[in-house]
Amino acid sequence: METGALQVSERIDREELCAGAISCSVNLEAVVNSPLQLYRVRINILDINDNSPVFPMSSVVINVSESTAPGVRFPLESAHDADIGVNSIKTYKLTSNDYFTLDVQTHSDKTISAELVLQKALDREKTPQLEFTVTAVDGGSPARTGTVMIEVNVLDINDHAPVFSKPLYKVSIAEHAPIGTTVTRLQARDLDEGLNAEIVYSFITRTPQNILEKFEIDSQSGDVKIKGDIDYEENAAFEIRIQATDKGQVTMSGHTKLLIEVLDINDNPPDVTVTSLLSPVEENAGKGTVIALMTVSDPDSGKNGAVRVRLASSSPFKLQSSFQNYYSLVLDGVLDRENITDYNITVIAEDEGSPPMSRAKVIQVQVSDVNDNAPRFPNSVVYAYLRENSKVGSIISTLTASDADIMGNAHITYSLLQSSVNGTPVSALLKVNSLTGEIESMQSFNYEEIKTFEFKVQATDSGVPPLSSNVTVNVFILDENDNSPGILAPYSELGSVNTENIPYSADAGYFVAKIRAVDADSGYNALLSYHISEPKGNNLFRIGTSSGEIRTKRRMSDNDLKTHPLVILVCDNGEPSLSATVSIDVVVIESAGDVKTTFRHAPRKEETFSDLNLYLLIAIVCVSVIFFLSLISLLAVKCHRTDSSLGRYSAPMITTHPDGSWSYSKSTQQYDVCFSSDTLKSDVVVFPAPFPPADAELISINGGDTFTRTQTLPNKEK
């Protein structure tokens, strides 16, 4: 008060006086006496850095989800510094860490704020909690600081999928393992916690149906078990994708692969598949022709799937291996459809398993026909028989040829080969039906003009090229009884009456005359019999039925007539029988010396004996001797054969007939010999058959009073 010095009486605290005002001043009034004067004084209180920044709390807990993305800001409550101006908070500092940075911002009102910025994604499983310090620094000199402890709790999210202990599991099981067998146990682990770490095992959604039918997995333990039959041939291995899923709000899954190898056992036989088959095969196919292509397979593996192939039986085929498990069935012989029309070829495939398994495949191969067989007649020569005077168009014979081929190759047509019969073309005499083989006559035949003829018929098939064969047809004209007997000289004059003289003293059996007749027919149609037709009841004369000799039955008596007119009837044995008659007057004379025999058989020439006759006689004798020697030798050989094989032939049989003839027969040969016991001259007659059988020898019998015949005798059973 004495000096007027204004002094601070106590400590000045600007923060108390002015709080947060930018400018702080104290207004004073001072009164000076003597002279009295009023002074107004404004004292500006200047701030000094006497306050440190102070945070509201010494520590701050921030809960941050680990799923928070980098760049997210977390504002911090600003520190308070009572100082102002340069002494106020100047900046904030953050202790070093890997996850957060501090963003310090100066606002328009000169205030400073700080924000934590997440620089790196948090991972609770690695760093579940962070602690660092934020320091507030003022601008004073020396600067004052204030700190706050920041504690960051990383909140768990379901950000980790379960992880299997192996990315790939490999196991092996035998096929057809029992149902319920545990294949393997899978294990997964989740780094999360709580529900986020609880795991459920399952197959992925897109698991094939065949796996779901054969396997199942325990959702809690992860055991994989067999649910259905496991067949190596269906699946040699299974690749199963399995997932482990947690129970988080947003579930996450981990995956692994289970590779199951199925171990093969020999439970399947080999299989033969024909990929190409040539059927039918032409019977003229060449050796080496490929008939079939086939593949052999066995679903098993290793030796169980190694296959050997063979044919079950011998056949004109063989197997050739063209490549591994590829085979060709080729022709290795000659085919003949006429012997074998088809083949059932059995192919056997056998594996090398233990025990081995096999399978047979039957391949049917048809053999197609080619025209390699000509038509064939049953016999090379055919005998046909046609009665004379048959109508035009009569069927002589029906030829049948067979062809071992089939279809068109066996379609046969018949035709006549050009030839002639006695100068007449055979086509003018006969025709053959080209389809049926029937041979028809085109004219009527006369046995007396033509007895036999032959021609050839050709059978041709319809193959390409056509094949043909011939048959010789021998036609025998069968005789009909169309000719009456003809009386031979000397009784052949028509309308004349012949006279024969006999003595009155003639004894019984006296030869009167001999009637000779011939018949142009043959066989029984030419077998003549003689009868006295007039007078009826004649008891003086008789005639040999076969010989035609007229003889007396008894001696003459005085009561007998001197002239006896006889009518001789000559009949054949045909149906109906034809006949001829001759008239003879037998005159009885008293003296035998008056009987003159008239030989009217034929004109007689003067008998002379010349050198030529002598030579002829010698030749005839020599030929006869040779003939009889040959005949005796032949009979000796036949008798020897008969003795050695009695069982093969029947015993000879001799049969007598009512007319006085007898028959000698052996086997199928029969000779009829007719004779008369009371004739002065006997004749031997061989009755010819109506036609000669096949395979015969020809003999001729020439008699003095008979006509010449050529007769064919059979030499084998017919």
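The sequence shown begins at 1 in full-length UniProt numbering and counts up one residue at a time.
Using N, Cα and C, we set each Cβ at its ideal position, and we do this for glycine too.
Would residue i pass as a contact of residue j if the rule is Cβ separation under 8 Å?
{"i": "residue 517", "j": "residue 548", "result": "yes"}
{"i": "residue 440", "j": "residue 412", "result": "no"}
{"i": "residue 319", "j": "residue 291", "result": "no"}
{"i": "residue 67", "j": "residue 159", "result": "yes"}
{"i": "residue 55", "j": "residue 95", "result": "no"}
{"i": "residue 184", "j": "residue 171", "result": "yes"}
{"i": "residue 271", "j": "residue 353", "result": "no"}
{"i": "residue 78", "j": "residue 113", "result": "yes"}
{"i": "residue 479", "j": "residue 522", "result": "yes"}
{"i": "residue 116", "j": "residue 73", "result": "yes"}
{"i": "residue 44", "j": "residue 23", "result": "yes"}
{"i": "residue 416", "j": "residue 399", "result": "no"}
{"i": "residue 461", "j": "residue 407", "result": "no"}
{"i": "residue 341", "j": "residue 367", "result": "yes"}
Return the chain-ordered list of same chain residues with a C-beta closer than 6 Å to the C-beta of residue i, the five sequence neighbours on each side being excluded.
{"i": "residue 161", "result": "252, 253 and 254"}
{"i": "residue 84", "result": "47"}
{"i": "residue 86", "result": "139"}
{"i": "residue 321", "result": "327"}
{"i": "residue 38", "result": "31"}
{"i": "residue 387", "result": "478 and 480"}
{"i": "residue 232", "result": "175, 262 and 264"}
Could you please give me the residues that DSSP links to residue i through a beta bridge?
{"i": "residue 359", "result": "349"}
{"i": "residue 326", "result": "295 and 323"}
{"i": "residue 103", "result": "115"}
{"i": "residue 188", "result": "164"}
{"i": "residue 531", "result": "569"}
{"i": "residue 176", "result": "For residue 176, which the question treats as bridged, DSSP gives no partner whatsoever."}
{"i": "residue 386", "result": "477"}
{"i": "residue 129", "result": "153"}
{"i": "residue 372", "result": "According to DSSP, residue 372 bridges with nothing at all."}
{"i": "residue 258", "result": "169 and 240"}
{"i": "residue 263", "result": "174"}
{"i": "residue 308", "result": "350"}
{"i": "residue 455", "result": "473"}
{"i": "residue 344", "result": "364"}
CB-CB under 8 Å to residue i, same chain, minus the five flanking residues each way: which ones, in chain order?
{"i": "residue 484", "result": "519, 572, 578, 579 and 580"}
{"i": "residue 603", "result": "For residue 603, the predicted structure reports a pLDDT of 41, less than 50, and the residue's modelled location is therefore unreliable. A value from the coordinates is still provided. Cβ within range, chain order: n/a, list empty."}
{"i": "residue 730", "result": "Residue 730 is absent from the model: the chain starts at 1 and stops at 718."}
{"i": "residue 325", "result": "295, 296, 297 and 307"}
{"i": "residue 358", "result": "269, 270, 348, 349, 350 and 351"}
{"i": "residue 390", "result": "441, 444 and 445"}
Buried or exposed for residue i, going by 16 or more other Cβ atoms inside 10 Å?
{"i": "residue 639", "result": "exposed"}
{"i": "residue 10", "result": "exposed"}
{"i": "residue 246", "result": "buried"}
{"i": "residue 442", "result": "exposed"}
{"i": "residue 587", "result": "exposed"}
{"i": "residue 628", "result": "exposed"}
{"i": "residue 109", "result": "exposed"}
{"i": "residue 423", "result": "exposed"}
{"i": "residue 243", "result": "buried"}
{"i": "residue 256", "result": "buried"}
{"i": "residue 498", "result": "buried"}
{"i": "residue 213", "result": "exposed"}
{"i": "residue 444", "result": "exposed"}
{"i": "residue 632", "result": "exposed"}
{"i": "residue 566", "result": "buried"}
{"i": "residue 229", "result": "exposed"}
{"i": "residue 147", "result": "buried"}
{"i": "residue 508", "result": "exposed"}
{"i": "residue 623", "result": "exposed"}
Note down, in chain order, each residue of its chain lying with its Cβ closer than 7 Å to the Cβ of residue i, except the 5 sequence neighbours on either side.
{"i": "residue 496", "result": "none"}
{"i": "residue 145", "result": "52, 53, 135, 136 and 137"}
{"i": "residue 98", "result": "120"}
{"i": "residue 651", "result": "At residue 651, the pLDDT of 41 sits below 50, so the modelled position is not reliable and the matter cannot be decided from this model."}
{"i": "residue 538", "result": "532"}
{"i": "residue 189", "result": "162 and 163"}
{"i": "residue 510", "result": "502, 551 and 552"}
{"i": "residue 58", "result": "148 and 149"}
{"i": "residue 303", "result": "352 and 353"}
Looking at the C-beta of residue i, does it have a partner C-beta in chain C at a distance below 8 Å?
{"i": "residue 268", "result": "Considering every chain present, this structure includes no chain C. It has just one protein chain."}
Taking the runs of the beta strand (DSSP E) that are 3 residues or longer, which of them lie wholly in the segment 13-90?
25-32, 37-44, 59-65 and 73-75
Could I get the ranges of all uninterrupted alpha helix (DSSP H) runs contained in the segment 407-452, with 4 residues as the minimum, in chain order?
426-429
Note down, one range per segment and in chain order, each beta strand (DSSP E) of at least 3 residues found wholly within the segment 477-524.
Counting only runs that start and end inside the segment 477-524, the beta strand (DSSP E) elements of at least 3 residues fall at 497-503 and 511-514.
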